[in-house]
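Colleague: Got a structure for you, questions after.
Protein chains: 4
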Amino acid sequence: MDYRNPHSVARMRAEFDRQGAMATMGITVADVAPGRVVLEMPFNPALSQHHGFIHAGVVTSGMDSACGFAALTMMDAESEVLTVEFKCSFMSPARGQSFRFVGEVIKSGRTLTFTEGRAIAIDGTKETTVATITATVMAVRGLKA
Amino acid sequence: MDYRNPHSVARMRAEFDRQGAMATMGITVADVAPGRVVLEMPFNPALSQHHGFIHAGVVTSGMDSACGFAALTMMDAESEVLTVEFKCSFMSPARGQSFRFVGEVIKSGRTLTFTEGRAIAIDGTKETTVATITATVMAVRGLKA
Amino acid sequence: MDYRNPHSVARMRAEFDRQGAMATMGITVADVAPGRVVLEMPFNPALSQHHGFIHAGVVTSGMDSACGFAALTMMDAESEVLTVEFKCSFMSPARGQSFRFVGEVIKSGRTLTFTEGRAIAIDGTKETTVATITATVMAVRGLKA
Amino acid sequence: MDYRNPHSVARMRAEFDRQGAMATMGITVADVAPGRVVLEMPFNPALSQHHGFIHAGVVTSGMDSACGFAALTMMDAESEVLTVEFKCSFMSPARGQSFRFVGEVIKSGRTLTFTEGRAIAIDGTKETTVATITATVMAVRGLKA
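The listed protein sequences derive, respectively, from chains E, G, C and W.
Numbering-wise, the working numbering comes out as the position in the first sequence, counting from 1, plus 1187.
Numbering-wise, the working numbering comes out as the position in the second sequence, counting from 1, plus 1187.
Numbering-wise, the working numbering comes out as the position in the third sequence, counting from 1, plus 1187.
Numbering-wise, the working numbering comes out as the position in the fourth sequence, counting from 1, plus 1187.
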């Protein structure tokens, strides 16, 4: 895959840095390539559910951001991304010292981009896929906050 | 609907209070009834995405918790709830002074409980449904963190 | 809700009649209103899975068509509908003499329409919701087969 | 992956042959391996939607069956499979001379099995992924029709 917009990586990082939610959750950018974004997050008890695992909504935040920014790398400079919908499956408790969120573009269209992603828990040298996501992302123009 | 477990509301509130993620996001319990839980959250820029709306993952955290705790109210005292999967649709930007998350049990089975929920943005006197969720929740016993 | 296109019901019925799949499955239109479509189907062993219930894919066909045609009633005369994605939950076996599929528009946008629906099994005088759907439908123009 | 039940392939084929829906849709078994099932279907106008493509519900039937039978290959001899829920995305019109449906087990648990699948349209020598599915399948015992 090629970038449609050569400045898209710089732009993606700038938009990422404007997300209060990512800072609050301690999620940072680990790698960006055309159509693929990897994020990372250390374990933090302030993001846990009542068994001490990371809350499913936080795991989803990381996977959704990875997918949305992966979609953004394929869009022209005037387009913004909005998540239309996603579905997440949780196959193992989100337990580990740190977490990796991978988002990838499956099909990039003019209006809609289909993406897939996963959350990987890292516990010492062991890596476990704890959740998956499929997200539909829409390109919008002229969006105002 | 009746509670299967008369202590389930007290238990639900105790488990809710053990969730670091809910405290971090400022989400609190507004109302609990058998098979139905309502949560609330004020707007907080520390939970925003890059357009200044509440991040989809945070909206999802509120909806997932409302659904999971609604399922918990219908379970016996030995069961814990784990989210198996959910799907969320985002029909409007999550913009408002505060947000309400409603979770309801659609069908409660021995192993699986089907739930539905929604996120409502409150802007002055105007209320807008900004997202919906359908979540499948599993009853588990003997879960250890 | 009002129809955006006064001819939309006639058009919806004409398009429905061109669906080979609906004829093969014995699914017919029971009721049409702006943003809401009801379909019906008798039980047919030729549409069963291996326990003798109606196959989940057939139940889905009915729910998806009800949602897609409900979306079509809200669109202008030049737009066609395509299903972008859906999620279905199956809470009870699809067992009964006949089935009703209800599709409703939750939010109708210029490009995307959010819909919800359900499948109801009718067994004598007893009605049971056996499945639910949330479907995202896209308006497209100039689509050619 | 190993089969949990050495007779599972013979059993899977026997159960498949009892599905009226698969015969009606002309869907047959192309390949079975532990945790992976491939089905095939020729184009048939009796299964079309109103643009002449294969109906999304029929595509879903093929993907759901591939996933459910893939899950069945990993279960013990007493367990039956029931689809709990699935989500399907449709990225291209289902247009082609024939179709292949692939279902794979992502994680097989005692109660729940997580699966993923896809539908591939074959048009001459060109193959296109037209849809994807993620399905949650439950093992049940003592199910009666």
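Think of the CB as a built atom: it goes at the ideal place given N, C-alpha and C, for glycine as much as any other residue.
Apart from the five residues just before and just after residue 1397 of chain E, which ones in its own chain have a Cβ nearer than 6 Å to its Cβ?
Modeller: No answer is possible for residue 1397 of chain E: the residues shown for chain E start at 1188 and end at 1332.
Colleague: Using only alpha-carbon positions, find the residue among W/1208, W/1246, W/1309 that is nearest to residue 1277 of chain W.
Modeller: Out of W/1208, W/1246, W/1309, W/1246 has the C-alpha closest to the C-alpha of residue 1277 of chain W.
Colleague: For chain C, find out if any of its Cβ atoms is closer than 8 Å to the Cβ of residue 1294 of chain E; answer yes or no.
Modeller: With 8 Å as the cut-off, residue 1294 of chain E does not count as an interface residue toward chain C.
Colleague: Is residue 1300 of chain C close to chain E? Criterion is C-beta to C-beta, closer than 8 Å.
Modeller: So no, residue 1300 of chain C is outside the interface.
Colleague: Within the same chain, show all residues whose beta-carbon is closer than 8 Å to that of residue 1275 of chain C, passing over the 5 residues directly before and after it, in chain order.
Modeller: So the qualifying residues of the chain are 1243, 1246, 1247, 1250, 1318, 1319, 1320.
Colleague: Curious, which full-length alpha helix (DSSP H) runs of at least 4 residues does the region 1215-1298 of chain G contain?
Modeller: Taking only runs of at least 4 residues, the alpha helix (DSSP H) segments lying wholly in the region 1215-1298 of chain G are 1243-1259.
Colleague: Give the straight-line distance between the Cα atoms of residue 1212 of chain G and residue 1234 of chain G, rounded to the nearest whole angstrom.
Modeller: Whole-angstrom Cα-Cα distance: 7 Å.
Colleague: Does DSSP classify residue 1200 of chain C as helix, strand or coil?
Modeller: Reduced to three states, the DSSP call for residue 1200 of chain C is helix.
Colleague: Residue 1274 of chain C CB to nearest chain G CB: under 8 Å?
Modeller: Yes, contact with chain G.
Colleague: Going by DSSP, what residue range makes up the alpha helix (DSSP H) through residue 1211 of chain C?
Modeller: Run containing residue 1211 of chain C: 1207-1212, per the alpha helix (DSSP H) assignment.
Colleague: Taking 8 Å as the threshold (beta carbon to beta carbon), is residue 1208 of chain E in contact with chain G?
Modeller: At least one chain G Cβ lies under 8 Å of residue 1208 of chain E.
Colleague: Hey, residue 1324 of chain G and residue 1300 of chain G are a contact pair by Cβ (cut 8 Å); roughly how many whole angstroms apart?
Modeller: So it is a contact: roughly 5 Å between Cβ atoms.
Colleague: Excluding five sequence neighbours on each side, which residues of the same chain lie with their C-beta closer than 6 Å to the C-beta of residue 1287 of chain E?
Modeller: Correct list, in chain order: 1227, 1307.
Colleague: Which residues of chain G have a Cβ atom closer than 7 Å to the Cβ of residue 1243 of chain E, listed in chain order?
Modeller: Correct list: 1251, 1270.
Colleague: Considering only the alpha carbon of each residue, which of W/1329, W/1239, W/1305 lies closest to residue 1208 of chain C?
Modeller: Measuring from the Cα of residue 1208 of chain C, the nearest candidate turns out to be W/1239.
Colleague: Thinking C-alpha only, which one of C/1201, C/1309, C/1199 is nearest residue 1281 of chain C?
Modeller: Comparing Cα-Cα distances from residue 1281 of chain C to each of C/1201, C/1309, C/1199, the minimum goes to C/1309.
Colleague: Considering Cα atoms alone, identify which of G/1256, G/1262, G/1285 is closest to residue 1298 of chain G.
Modeller: Comparing Cα-Cα distances from residue 1298 of chain G to each of G/1256, G/1262, G/1285, the minimum goes to G/1262.
Colleague: Whose C-beta lies closer than 8 Å to the C-beta of residue 1202 of chain G among residues of the same chain, with five residues either side of it excluded?
Modeller: Once the five neighbours on either side are set aside, the close Cβ partners of residue 1202 of chain G are 1256, 1259.
Colleague: Mind checking which residues open and close the beta strand (DSSP E) that includes residue 1328 of chain W?
Modeller: Counting along the chain, residue 1328 of chain W falls outside any beta strand (DSSP E), and DSSP gives it neither H nor E.
Colleague: Name the chain C residues that come within less than 8 Å of residue 1233 of chain W, Cβ to Cβ?
Modeller: Within chain C, the residues near residue 1233 of chain W are 1207, 1208, 1210, 1211.
Colleague: Output yes if chain E places a C-beta closer than 8 Å to the C-beta of residue 1319 of chain C; else output no.
Modeller: Not one chain E Cβ lies under 8 Å of residue 1319 of chain C.
Colleague: Measuring straight from C-alpha to C-alpha, what distance separates residue 1272 of chain C and residue 1291 of chain G?
Modeller: Going from the Cα of residue 1272 of chain C to the Cα of residue 1291 of chain G covers about 24 Å.
Colleague: Since residue 1247 of chain G meets chain C, which of its residues come closer than 9 Å, beta carbon to beta carbon?
Modeller: Near residue 1247 of chain G there are no residues of chain C at all, since even the closest Cβ is about 14 Å away, more than 9 Å.
Colleague: If we cut at 8 Å on Cβ distances, does residue 1261 of chain G have a partner in chain C?
Modeller: No, its Cβ sits nowhere closer than 8 Å to a Cβ of chain C.
Colleague: By the criterion of Cβ-Cβ separation under 7 Å, what are the contact partners of residue 1194 of chain W in chain C?
Modeller: Simply none; closest approach about 16 Å.
Colleague: Quick one: is residue 1325 of chain E near chain W, going by C-beta distance under 8 Å?
Modeller: False, the Cβ-Cβ gap to chain W never drops below 8 Å.
Colleague: Suppose the cutoff is 7 Å on Cβ atoms and the five residues either side in sequence are ignored; what does the same chain contact list for residue 1254 of chain E look like?
Modeller: Within the same chain, residue 1254 of chain E has close Cβ partners 1290, 1302, 1304, 1320, 1322, 1324.
Colleague: Check the Cβ-Cβ distances between residue 1284 of chain G and every residue of chain E, and say whether any is below 8 Å.
Modeller: No, because no Cβ of chain E sits closer than 8 Å to the Cβ of residue 1284 of chain G.
Colleague: Along chain C, which residues have their Cβ under 9 Å away from the Cβ of residue 1277 of chain W?
Modeller: Those within 9 Å of residue 1277 of chain W in chain C are 1269, 1270, 1271, 1272, 1273.
Colleague: Does residue 1202 of chain C have its Cβ less than 8 Å from a Cβ in chain W?
Modeller: Residue 1202 of chain C counts as touching chain W.
Colleague: Taking the straight line between their C-alpha atoms, what separation do you get for residue 1206 of chain G and residue 1279 of chain W?
Modeller: About 42 Å.
Colleague: Does the Cβ of residue 1332 of chain C have 16 or more other Cβ atoms within 10 Å, making it buried, or fewer, making it exposed?
Modeller: In this predicted model, residue 1332 of chain C has a pLDDT of only 48, less than 50, meaning its place in the structure is not dependable enough to derive any value.
Colleague: Return yes when the Cβ of residue 1216 of chain E is within less than 8 Å of the Cβ of residue 1200 of chain E, no when it is not.
Modeller: Yes, the pair counts as a contact, with Cβ atoms nearer than the cut-off.
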